[in-house]
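So the protein lines, in turn, are chains A and B. Just so you know, we're using UniProt numbering here: the first sequence kicks off at 1 and counts up by one. Just so you know, we're using UniProt numbering here: the second sequence kicks off at 1 and counts up by one. For every residue, glycine included, the Cβ atom is placed at its ideal position computed from N, Cα and C. Here the structure is a predicted model, which means the values were calculated and not measured. Right, one structure below, let's go through it.
There are 2 protein chains.
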Amino acid sequence: MTTIVQKFGGTSVGDVQKIKRVAERIKERMDRGEKVVTVVSAMGKSTDALVDLANDITDNPDPREMDMLLATGEQVTISLVVMALKEIGVDAVSLTGWQAGIITEENHQDARITDIRTDKMQKHLNDGKAVLVAGFQGVSEDGNITTLGRGGSDTTAVALAAALDAESCSIYTDVTGVYTADPRFVKKARQLASISYDEMLELANLGAGVLHPRAVEFAKNYNVTLVVRSSMEEVEGTYVEEEASMEQNLVVRGLAFEKNITKVTVERLPDQFDTMSNLFTLLADANINVDIIIQQMTSDHGINVSFSIDSSNLGKTLDLIHREKASLCYSEIRHESSLAKVSIVGSGMISNPGVAANMFKVLASEQVAIKMVSTSEIAVSAVVPEEDMIRASEALHTSFELDAKEKEKIEAAKA
Amino acid sequence: MTTIVQKFGGTSVGDVQKIKRVAERIKERMDRGEKVVTVVSAMGKSTDALVDLANDITDNPDPREMDMLLATGEQVTISLVVMALKEIGVDAVSLTGWQAGIITEENHQDARITDIRTDKMQKHLNDGKAVLVAGFQGVSEDGNITTLGRGGSDTTAVALAAALDAESCSIYTDVTGVYTADPRFVKKARQLASISYDEMLELANLGAGVLHPRAVEFAKNYNVTLVVRSSMEEVEGTYVEEEASMEQNLVVRGLAFEKNITKVTVERLPDQFDTMSNLFTLLADANINVDIIIQQMTSDHGINVSFSIDSSNLGKTLDLIHREKASLCYSEIRHESSLAKVSIVGSGMISNPGVAANMFKVLASEQVAIKMVSTSEIAVSAVVPEEDMIRASEALHTSFELDAKEKEKIEAAKA
Chain A
1 MTTIVQKFGG
11 TSVGDVQKIK
21 RVAERIKERM
31 DRGEKVVTVV
41 SAMGKSTDAL
51 VDLANDITDN
61 PDPREMDMLL
71 ATGEQVTISL
81 VVMALKEIGV
91 DAVSLTGWQA
101 GIITEENHQD
111 ARITDIRTDK
121 MQKHLNDGKA
131 VLVAGFQGVS
141 EDGNITTLGR
151 GGSDTTAVAL
161 AAALDAESCS
171 IYTDVTGVYT
181 ADPRFVKKAR
191 QLASISYDEM
201 LELANLGAGV
211 LHPRAVEFAK
221 NYNVTLVVRS
231 SMEEVEGTYV
241 EEEASMEQNL
251 VVRGLAFEKN
261 ITKVTVERLP
271 DQFDTMSNLF
281 TLLADANINV
291 DIIIQQMTSD
301 HGINVSFSID
311 SSNLGKTLDL
321 IHREKASLCY
331 SEIRHESSLA
341 KVSIVGSGMI
351 SNPGVAANMF
361 KVLASEQVAI
371 KMVSTSEIAV
381 SAVVPEEDMI
391 RASEALHTSF
401 ELDAKEKEKI
411 EAAKA
Chain B
1 MTTIVQKFGG
11 TSVGDVQKIK
21 RVAERIKERM
31 DRGEKVVTVV
41 SAMGKSTDAL
51 VDLANDITDN
61 PDPREMDMLL
71 ATGEQVTISL
81 VVMALKEIGV
91 DAVSLTGWQA
101 GIITEENHQD
111 ARITDIRTDK
121 MQKHLNDGKA
131 VLVAGFQGVS
141 EDGNITTLGR
151 GGSDTTAVAL
161 AAALDAESCS
171 IYTDVTGVYT
181 ADPRFVKKAR
191 QLASISYDEM
201 LELANLGAGV
211 LHPRAVEFAK
221 NYNVTLVVRS
231 SMEEVEGTYV
241 EEEASMEQNL
251 VVRGLAFEKN
261 ITKVTVERLP
271 DQFDTMSNLF
281 TLLADANINV
291 DIIIQQMTSD
301 HGINVSFSID
311 SSNLGKTLDL
321 IHREKASLCY
331 SEIRHESSLA
341 KVSIVGSGMI
351 SNPGVAANMF
361 KVLASEQVAI
371 KMVSTSEIAV
381 SAVVPEEDMI
391 RASEALHTSF
401 ELDAKEKEKI
411 EAAKA
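This is how it looks when you write it as structure tokens:
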């Protein structure tokens, strides 16, 4: 008998009607004779409401207690889904993280799963019950409730799929699958039938937002077949698996873009071994996420360093670096905001030199200024002016042959 | 070092400001060098909101899943109180029912506590932490989350006090203590310095509502000193303990009253061994709570049975009895609504014959019709017309010497 794991996110369980629909979806799988484990998130904005409560009490909530607080959100959802299942005649049982045997590190708010003790789940599955598991949470060996941090419910689902040796792990979202680009902006975007873990990982990291990178990494490590599909309509989703079978001839599989990027340049730092380490440790300690980093020597043996950050962190970043002017020993700091990052992704790049050059050519022909560049084995990213982001993406989408055919365009428009 | 247990109900933790006040109260006790375990309920109306969600999904929610759902309410409160404590410099830790080692039967929605494994609590207390425990909930030996039913948080607090061998268990409410009668209605009501378990039990059962009878019974069985006190102001509360010391000379310690009572009379039932059993099993199976029962023989060897119920159950009761007319074999069914029950309570009654007669005398002099009577060792109750309830209570309050002196009246008015 096949075991499958599926996950429904916060918007898919946002109200009672949607919860009933999720119950129907589970029933369909049960009716096929499958063993079904379903992971759910907290309902819609309920986590935000809990965070607001905590913030009304303190600016600096204790991490253990935040986990205690936030874990209630998913617990509410699992119980309601089971009630909805029983209402339509499906036997089911809900399990919190600790009841499902999801053991994590003690690291509150961002705990990693260390073990999954599946006996209780297996017993319920063997009894013919649908099993509902609270996403995003676990328990430490000491018996403290923990949460997994961002993308936690996706990670829960993938980890359960690995532990239960499930046939697949379906991630239900509000889109029908993974697209060559965000269809809300790139009109010719096309849904992919399949994509490899590495490509998905680049796209996830690059802000495509359908799947959390951590969950994709987990799936890759344990070779879990992921399926991204719509919780609203019954259409084929996108398979994320070891080798994307369908479209291997494509060099570029998709593209991603994100706004609100600021480039910061620190000029004439001293040419010392610890210059880079001092600067970026400073930022890391303040939890400022740095993306692209460029280091250049000046003619007089100084170092110019540029890096990109989310624009929301600009004030904090400038304050920090100004405050450390004496110890960092730089001459000047400059910044440029209203930038965006456009990236192309595809595992075919490894064996296809010149992809980056092609990308630059396209951007040049569109008269888009390139502010920064970064490359990995399967991705090339360019930081460009925010106002050019969509135009650049559409041009890249077309020139790398990602555009949908007419029929596909209609489907993309529906999504 | 003294260990104390205290409990704050839903209104005492109804919003963020009140939660901060509870944290201050806990800090005061910690500052005295006491080991403090605090049990809290769900915030204000949050349990109602959860019940509404369940009712939107099904008319008949699964009991296990209701427990899973409702247990989140207290979990939210404990985490917020700990955050508030840490904000004012008090080290603290929150524990759910299962984390606090509260083991119950598997009987969902109304589970009884079977064991309390205190090692985790003791460890945290020894580490100098304030311990916050989620009221109303526990865990079965099978690892299922259970709830204790009505009055559950009071019961949690008393059970923890017994298990931890605490000096006392304070129940913080929105009144300053236990009164001779409900001060909202009986103007001369007076707060009691102390009251015995049995008297409190009668008052609790009679609807005085300050403490749940189950918690009082638990306290009596384990000889836990209960203190009922105000969460709003720092005044002496009422001690509930084995022998109420201060006012032993009083025959009547307090009185209780409740409205919305209906008397139902079933006429001319057959005089058979199983007549009473058939009738009341019928009602019990439908979860209709019957209070006073009176059985009378008719001159022609039939039986007339009268009983009192909450008026909200009248329709259901009449339907049931009508439907079973053939099997029950009665001639007629009558009912009288808009009634109330007035009760006087005092352990001094056992050694004072004539208390009931005195009560009837007072009611007669006030021209209050007595519809039904019931007596126990330490209480006498009379069912009277609802419109006479307050007048009858005030007359009884005065004639049994319960009235407050002037100074006490002012305090009662403040409450």
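Measure the Cβ-Cβ separation of Val158(A) and Ala215(A) and say whether it is below 8 Å.
Here residue 158(A) is taken as the residue at index 158 of the first sequence, counted from 1. Here residue 215(A) is taken as the residue at index 215 of the first sequence, counted from 1. In this structure, Ala215(A) lies closer than 8 Å to Val158(A) by Cβ.
So, with DSSP's three-state summary, where would you put Asn352(B)?
For the purposes of this step, residue 352(B) is taken as the residue at position 352 of the second sequence. Residue state, collapsed to three classes: coil.
Taking Cβ-Cβ distances shorter than 9 Å, what residues in chain B pair up with Glu199(A)?
For the purposes of this step, residue 199(A) is taken as the residue at position 199 of the first sequence. None at all; the shortest Cβ gap to chain B is about 39 Å.
Along chain C, which residues have their Cβ under 9 Å away from the Cβ of Thr58(A)?
No chain C is present in this structure, whose protein chains are A and B.
What's the C-alpha gap between Gln75(A) and Asp174(B)?
Here residue 75(A) refers to the residue found at position 75 of the first sequence. Here residue 174(B) refers to the residue found at position 174 of the second sequence. Whole-angstrom Cα-Cα distance: 30 Å.
Under 8 Å, with one C-beta from each stretch per pair, do the segment 248-260 of chain B and the segment 390-402 of chain B reach the 3-pair mark?
Output reads yes: the segment 390-402 of chain B touches the segment 248-260 of chain B.
To the nearest angstrom, report how far apart Ser277(A) and Asp56(B) are at their CA atoms.
Position 277 of the first sequence, counted from the first residue, corresponds to residue 277(A). Position 56 of the second sequence, counted from the first residue, corresponds to residue 56(B). Each residue's alpha carbon lies about 57 Å from the other.
Between the segment 1-8 of chain B and the segment 156-171 of chain B, do at least 3 Cβ pairs fall closer than 8 Å?
Yes: the two stretches touch, three or more of their Cβ pairs being nearer than 8 Å.
What is the DSSP secondary structure of Asp115(A), counted as helix, strand or coil?
As a position in the first sequence, residue 115(A) is number 115, starting the count at 1. Asp115(A) falls in the strand class under three-state DSSP.
Quick check: the segment 33-45 of chain A against the segment 126-137 of chain A, are at least 3 beta-carbon pairs closer than 8 Å?
These segments touch.
By Cβ distance, which residues of its chain are closer than 6 Å to Lys20(B), with the 5 residues on each side in sequence left out?
Counted from its first residue, the second sequence places residue 20(B) at position 20. Around Lys20(B): Ala84.
Return the chain-ordered list of same chain residues with a C-beta closer than 7 Å to the C-beta of Met30(B), the five sequence neighbours on each side being excluded.
Working through the second sequence from its first residue, we reach residue 30(B) at position 30. Val36, Val90, Ala130, listed in sequence order.
Helix, strand or coil for Gly73(B) per DSSP?
Position 73 of the second sequence, counted from the start, is the residue given in the question as residue 73(B). Helix, per DSSP.
Does DSSP classify Met232(A) as helix, strand or coil?
Within the first sequence, the letter at position 232 stands for residue 232(A). Residue state, collapsed to three classes: coil.
Can you list the residues of chain A that Ala54(B) reaches, using a CB-CB cut of under 9 Å?
As a working note, residue 54(B) is residue 54 in the second sequence. Those are Ser79, Leu80, Met83, listed as they occur along chain A.
Work out the CA separation of Val362(A) and Gly348(A) for me, nearest whole Å.
Taking the first residue of the first sequence as position 1, residue 348(A) is located at position 348. Taking the first residue of the first sequence as position 1, residue 362(A) is located at position 362. The straight-line gap from Cα to Cα measures roughly 19 Å.
Given that Ile19(A) touches chain B, what residues does it touch there, using C-beta distances under 8 Å?
One-based indexing of the first sequence puts residue 19(A) at position 19. What Ile19(A) touches in chain B: Ile57.
Just the Cα atoms here: how many angstroms apart are Ile390(B) and Tyr172(B)?
Taking the second sequence and counting its residues from 1, the one referred to as residue 390(B) is at position 390. Taking the second sequence and counting its residues from 1, the one referred to as residue 172(B) is at position 172. Roughly 27 Å separates the two Cα atoms.
Measure the C-alpha to C-alpha separation of Ala71(A) and Ala100(A) and round it to an integer number of angstroms.
Locating residue 71(A) in the first sequence gives position 71, counting from the first residue. Locating residue 100(A) in the first sequence gives position 100, counting from the first residue. Rounded to the nearest angstrom, the two C-alpha atoms are 14 Å apart.
To the nearest angstrom, how far is the alpha carbon of Glu202(B) from that of Ser79(A)?
In the second sequence, counting from the first residue as 1, residue 202(B) sits at position 202. In the first sequence, counting from the first residue as 1, residue 79(A) sits at position 79. Going from the Cα of Glu202(B) to the Cα of Ser79(A) covers about 37 Å.
At what residue ranges does the segment 193-225 of chain A contain a whole run of the alpha helix (DSSP H), taking only runs of 4 or more?
Correct list: 197-203, 213-222.
Would you tell me roughly how many angstroms separate the C-alpha atoms of Glu247(A) and Ala181(A), rounded to the nearest one?
Against the first sequence, residue 247(A) aligns to sequence position 247. Against the first sequence, residue 181(A) aligns to sequence position 181. Its pLDDT being 49, under 50, Glu247(A) is placed unreliably by the model, and nothing is read from it.
Just confirm the distance between the C-beta atoms of Val392(A) and Val368(A), as a whole number of angstroms; I'd bet it's less than 8 Å.
As a first step, residue 392(A) must be located in the first sequence, where it is residue number 392. As a first step, residue 368(A) must be located in the first sequence, where it is residue number 368. This sequence places Ala at residue 392(A); Val is not what is there. With 8 Å as the limit, Ala392(A) and Val368(A) qualify as a contact, their Cβ atoms being about 5 Å apart.
Bridge partners of Met372(A), per DSSP?
Counting from one through the first sequence, the residue named residue 372(A) turns up at place 372. Note: Met372(A) sits in a beta bridge opposite Val383(A).
Could you please give me the residues that DSSP links to Lys35(A) through a beta bridge?
Sequence index remark: in the first sequence, residue 35(A) carries index 35 (1-based). Answer by DSSP bridge pairing, in chain order: Thr3(A).
Tell me, which residues are paired with Met30(A) by DSSP?
Position 30 of the first sequence, counted from the first residue, corresponds to residue 30(A). For Met30(A), which the question treats as bridged, DSSP gives no partner whatsoever.
Going by the CB atoms, is the gap between Thr118(B) and Asp67(B) shorter than 8 Å?
Position 67 of the second sequence holds residue 67(B). Position 118 of the second sequence holds residue 118(B). No. Outside cutoff.
If you run the structure through DSSP and keep just helix, strand and coil, what is His335(B)?
Along the second sequence, read from residue 1 onward, the residue named residue 335(B) stands at position 335. Three-state result, His335(B): strand.
Using the C-alpha atoms, what's the distance from Thr281(A) back to Met297(A)?
Here residue 297(A) refers to the residue found at position 297 when the first sequence is read from its first residue. Here residue 281(A) refers to the residue found at position 281 when the first sequence is read from its first residue. Going by the C-alpha atoms only, they are around 20 Å apart.
Quick one: residues in its chain with C-beta nearer than 7 Å to the C-beta of residue 417(B), no 5 flanking neighbours on either side, listed in chain order?
This structure leaves residue 417(B) out entirely; chain B is present only between 1 and 415.
Measure the alpha-carbon distance for Ala356(A) versus Val380(A) and round it to whole angstroms.
Locating residue 356(A) in the first sequence gives position 356, where the first residue counts as 1. Locating residue 380(A) in the first sequence gives position 380, where the first residue counts as 1. Approximately 6 Å, taken between the alpha carbons.
Could you name the residues that DSSP lists as bridge partners for Ser140(A)?
Sequence index remark: in the first sequence, residue 140(A) carries index 140 (1-based). Answer is Thr104(A), bridged to Ser140(A).
Span of the alpha helix (DSSP H) holding Asp310(B)?
To locate residue 310(B), count along the second sequence from 1; it is residue 310. Unbroken run through Asp310(B) is the beta strand (DSSP E), 302-310; no alpha helix (DSSP H).
Whose C-alpha, out of Thr262(B), Leu402(B), Glu241(B), is nearest the C-alpha of Asn289(B)?
For the purposes of this step, residue 289(B) is taken as the residue at position 289 of the second sequence. Taking only the C-alpha atoms, the option nearest Asn289(B) is Thr262(B).
Between which residues of its own chain and His124(B) is the CB-CB distance below 7 Å, once the five residues before and five after are set aside?
Translated into positions along the second sequence, residue 124(B) becomes position 124. Once the five neighbours on either side are set aside, the close Cβ partners of His124(B) are Val93, Val131.
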